[in-house]
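Peer 1: Numbering (our numbering), first residue to last: 29 to 228. Let me begin by handing over the structure; questions about it come next.
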Amino acid sequence: MALEAVHTAARKRKEYVISKRMKHDFDYALALAGIPEGRLSSFCTNLKKLAHQIVAAADKVEDLLKSHKYIFPTDAKGKVLGDQPFCDDATIDTIRLSFFDGEDSFGSQCRDDFVSVLEENNKPELPVAMVCLIATMIYAILKDWSSGNPPSNAQVKSFNASSHVGVYKAHQATLNRIFEGSMKKYHVCFACAILRYWAL
């Protein structure tokens with residue numbers, strides 16, 4: 029996965045010398061792909077530490093974890109709005125602070141990489157990987173709270189990616205179902221979100 033990501037990034041950034049060498053020199057490609065792989069753990073840990081400041085889960089943790097209920101917002105009466113997945117305050121705020129906080133943020137620097145799934149529409153939208161990653165972080169935080177006690181410093185600072193692959197894939201499957209049901213609905217949901225972030 030890292031190999032493909034680095035190669036794609038090189039092509040998009042028109043780093044043709046790097047792209048060509050990766051194609052013909054496998055040892056070079058592996059060494060280059062090892063750089064983001066090595067930073068992934070640190071990146072995820074920092075994301076989780078930030079999300080811990082946003083996600084308040086002192087009670088109802090087990091209920092939120094059932095069927096991934098935490099990805100849905102609720103109305104004033106506490107009713108789950110099942111038609112608005114990934115639109116809960118925790119997901120929205122964590123994405124905003126992680127990727128769209130200021131002019132130097134990832135979201136602001138890489139606007140051209142946020143493309144629409146609709147060929148006739150040029151409005152940008154959030155990518156699946158970003159949404160799934162943040163939702164998975166929130167799941168991990170809820171699990172930290174599941175003992176009923178506030179998470180320890182060690183829990184706040186740790187994130188084991190391999191043990192959360194199933195959760196990530198479950199979120200990915202949810203997004204795929206939305207996409208397969210209606211590409212337009214999928215686009216409207218995540219295009220509105222990203223435009224809201226850039227407007228802040």
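Note that beta-carbon positions come from the ideal geometry of N, C-alpha and C, so glycine has one too.
1. Between the stretch 92-111 and the stretch 178-188, are three or more C-beta pairs nearer than 8 Å?
2. Assuming lysine 76 and isoleucine 162 are in contact, meaning their beta carbons sit under 8 Å apart, how far apart are those beta carbons, in whole angstroms?
3. Taking C-beta to C-beta, are alanine 57 and leucine 93 nearer than 8 Å?
4. By DSSP's criteria, threonine 102 is part of a beta bridge. Which residues make up the other side?
5. Starting from the C-beta of phenylalanine 127, find all residues in its chain whose C-beta is less than 8 Å away, skip the five residues before and the five after it, and write them out in chain order.
6. Can you check whether the CB of isoleucine 82 is closer than 8 Å to the CB of aspartate 121?
7. Would you identify the three-state DSSP class for lysine 48, choosing helix, strand or coil?
8. Would you tell me roughly how many angstroms separate the C-alpha atoms of glycine 62 and isoleucine 46, rounded to the nearest one?
Peer 2: This is what the structure gives:
1. no
2. 10 Å between Cβ atoms; not a contact.
3. no
4. In DSSP, threonine 102 forms a bridge with Val108.
5. Ser133, Phe134, Gly135, Met158, Tyr225
6. yes
7. helix
8. 15 Å
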